[in-house]
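Student: Following this message is one structure expressed as structure tokens.
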Amino acid sequence: MSITAERTYGFDDLPRLMALMTGDEKHGPAATSTLDVLWVLYDRVLRAGPEHLDDPERDRFLLSKGHGPMAYYAVLAAKGFVPVEWLPGFGAYDSALGYHPDRVLVPGVEIGSGSLGHGLPLAVGTALGLRAQGRHDPAVWVLVGDAELDEGSNHEAIAYAGPTGLDRLHTVVIDNSSASHARPGGIAARFEAAGWSTETVDGRDHEALYAAFTTPHPGRPHAVVARVEPKDS
Amino acid sequence: MDSMRDRFASVASRMLDEDPRVAVVLAEIGAAGFAETLRRHPGRVINVGIREQLLIGAGAGLALTGMRPVIHTFASFLVERPFEQIKLDFGHQDTGAVLVSAYGSYDAPAGGFTHMSPGDVALLDTLDGWTVHVPGHPDEAETLLRHAVGAGDDRVYVRLSEQKNGRGLPVDGARFLTVREGRRGVVVAVGPMLDAVLAATEGLDVSVLYATTVRPFDSAALRRATETAGPEVVIVEPYLAGTSTAAANDALTDVPHRVLGLGVGRRELRRYGRMEEHVAAHGLDPASLRERIEGFMRARVAV
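Sequences listed follow chains G and P, in order. Residue 5 in UniProt numbering sits at position 5 of the first sequence, and the numbers go up by one each step. Residue 302 in UniProt numbering sits at position 302 of the second sequence, and the numbers go up by one each step.
This is how it looks when you write it as structure tokens:
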């Protein structure tokens, strides 16, 4: 359940918020591939909000796929992490909102990203750190792209997190078929082989996403593969 | 006498007992030294397997939750292999950690070049805000490890070596020590190079400074030394030659001066053998050092 107090903006407002950054009301699939996943997480799943930025018990959301962050910034604005007034400055020298997000500049952004393959290892460490401190409630979520999974660092993290039973770790893979060499057996199979719990769902179906995000997975990390239309469609 | 690596396991184990913020992160190498501690602190001794990118990323994730990660493996695999992770997961994320290496340079010569890392400090030098400790003795290693772990959320690199001096000195984690005073030049000996430098400069009228913390570089100490010994400076480092030459030049930027950087050569020797053979091959034995230091000091421009 969201503990965010403000509900001023809804999902239908997000295209307008994104347009403040791009001037374009109509966005291609690549720009919005993460939009539904981000909305369902921030609106219904994550226990995180602008009033809990430094709360050690907050859930952590790590955007590893830092490219094309307009949907992310739009959701952060809708949920009150950043002022809507920041959006038109997108990418400008004196803006906090760059083409890749920076945790030092943007409230609520847990990691700076853009270089692929960093988020999942950082999420593993975050889950380990919370567990070592006896904080068993916060969930750690990381969002990666299907092509990003090609990075070897992700495989190191997947292969470690399964056998060690990091059950507060959650990965969402946005699958827009952008990997040049598709993974034999599919993306979920890679996680399953390493001992993860997995779900593969329609990445535009909010109820399906919510159900996949909240599926119990005792003793295992959980991966949700969210399928959206191909990047070039 | 134990090695710096042996000392690392015992010191880090004690720090795990003393400070609940501390976590030790390993990639198999060195794990045996923590087998006992692992039983006491199962959540804070973490072995990620042979996965050096994850080693750094997971260490940084621990730091994001407020812990103080101490991350250890051989220098080649700690600094060079996952370098972009070091750059982004600490610097760009604005977090810190203590990286503790072993087997830099030619500390494991029979292992060949795959296990050598003379460029580790130079590589870290491309990044902002790293403190670099280069102890020359296991006692100094213990002192500097404690400084490193206690340094808040700073980014600190501790370079442990199989090379060591005969005795430890009272290092403080910041300043160079004046070991010898002379009037015809300054020689800065870094970490385990001190004994060789003292032997090489025996009978020469030069000042010898001892540096075990090289970043930040103790510019004030070097400036002071040159005021009495003159602006001829030789730096003898146990890693890539010239690594600290720019720092010395910056310290003396408003004074006419000359700097000679001695250290490990860039060319791959493609040799195995013993450490002493590599020391000699790189011209870092006392006789070679004396010849090069004397030659440099003699070559003053006549005015």
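Beta carbons are placed, not taken as given, at the ideal position from N, Cα and C, and that holds for glycine.
1) What separation, rounded to the nearest whole angstrom, lies between the Cα atoms of V134(P) and R298(P)?
2) Cα-Cα, which of S197(G), A159(G), D43(G) is closest to V124(G)?
3) Can you pull out the residues from the stretch 106 to 117 of chain G whose beta carbon lies closer than 9 Å to at least one beta carbon of chain P?
4) Using the beta-carbon of each residue, which ones in chain G are nearer than 7 Å to D218(P)?
5) Within the chosen definition, does the stretch 143 to 155 of chain P reach the stretch 88 to 105 of chain P through at least 3 CB pairs nearer than 8 Å?
6) Less than 8 Å between C-beta atoms, sequence neighbours within five positions excluded: which residues of the same chain meet that for G230(P)?
7) Could you check the C-alpha separation between A280(P) and G265(P) for me, to the nearest Å?
8) For H118(G), count neighbouring Cβ atoms within 10 angstroms of its own Cβ and tell me buried if that reaches 16, exposed if not.
9) Using the Cβ count rule (16 or more neighbours within 10 Å means buried), how would you classify T214(G)?
10) Would Q93(P) pass as an interface residue toward chain G - the criterion being a Cβ-Cβ separation below 8 Å?
11) Check whether the stretch 142 to 153 of chain G and the stretch 58 to 78 of chain G touch, using three or more Cβ-Cβ pairs below 8 Å as the test.
12) Are the Cβ atoms of M70(G) and A127(G) separated by less than 8 Å?
13) Taking buried to mean at least 16 other C-beta atoms within 10 Å of its own C-beta, is P42(P) buried or exposed?
14) So what does H222(G) bridge to, in DSSP terms?
15) What are the start and end residues of the beta strand (DSSP E) that includes W141(G)?
16) Within its chain, find whatever has a CB closer than 7 Å to the CB of D195(P); leave out the 5 residues flanking it on each side and keep chain order.
17) Is any beta-carbon of chain P found at less than 8 Å from that of Y160(G)?
18) Under 8 Å by Cβ, that's how I've got V234(P) and L260(P) pegged, so tell me the actual separation to the nearest angstrom.
19) With the cut-off set at 8 Å, would you say L54(P) and A157(G) are in Cβ contact?
20) How many Å lie between M67(P) and A193(G) at the Cα?
21) Output, in sequence order along the chain, the residues in the stretch 1 to 35 of chain P whose CB is closer than 7 Å to any CB in chain G.
22) In chain G, what lies closer than 7 Å to residue 309(P) by C-beta?
23) Does L26(P) come out as helix, strand or coil in the three-state DSSP assignment?
24) Output needed for R7(P): all residues of its chain with C-beta closer than 6 Å, excluding positions within five of it in sequence on either side, in chain order.
25) Chain G partners of T65(P), CB-CB under 7 Å?
26) Using the DSSP secondary-structure output, state which residues sit across from S101(P) in a beta bridge.
27) Confirm, please, whether the CB-CB distance from L209(P) to L222(P) is below 8 Å.
28) Do A102(P) and R5(P) have their C-beta atoms closer together than 8 Å?
29) How would you call I3(G), buried or exposed, if buried means at least 16 neighbouring beta carbons within 10 angstroms?
30) Spatial neighbours of A161(G) within its chain, please: C-beta separation below 6 Å, excluding the five flanking residues on both sides.
31) S244(P): buried (16+ other C-beta within 10 angstroms of its C-beta) or exposed?
32) So, using beta-carbon positions, are N154(G) and V228(G) closer together than 8 Å?
33) Per DSSP, E232(P) is paired with what?
34) Out of E277(P), D285(P), P286(P), which has the shortest C-alpha to C-alpha gap to G112(P)?
35) Are A27(P) and V48(P) close, meaning C-beta to C-beta below 8 Å?
36) So, with DSSP's three-state summary, where would you put V48(P)?
Tutor: From the atom records:
1) 30 Å
2) Nearest C-alpha to V124(G): A159(G).
3) E110, I111, G112, S113, G114, S115, G117
4) Within chain G, no residue comes near D218(P); the closest Cβ sits about 29 Å away, beyond 7 Å.
5) yes
6) Same-chain partners within the cutoff: R183, R184, G185, V186.
7) 11 Å
8) buried
9) exposed
10) Yes - at least one Cβ of chain G is within 8 Å of the one on Q93(P).
11) yes
12) no
13) exposed
14) H170(G), S197(G)
15) Where W141(G) is concerned, the enclosing beta strand (DSSP E) stretches over 140 to 145.
16) N165, G166
17) yes
18) 5 Å
19) yes
20) 31 Å
21) A23
22) As displayed, chain P neither begins before 1 nor continues past 303, which places residue 309(P) out of reach and without an answer.
23) strand
24) Same-chain partners within the cutoff: P138, A141, E142.
25) T126, G129, L130, Q133
26) T73(P), R159(P)
27) In this structure, L222(P) sits near L209(P), with a CB-CB distance shorter than 8 Å.
28) yes
29) The predicted model places I3(G) with a pLDDT of 48, which falls under 50 and marks its position as unreliable, so this point remains unresolved.
30) V124, L169, P221
31) So S244(P) counts as buried.
32) It is not a contact, given that the beta carbons lie outside the stated cut-off.
33) R258(P)
34) E277(P)
35) yes
36) coil
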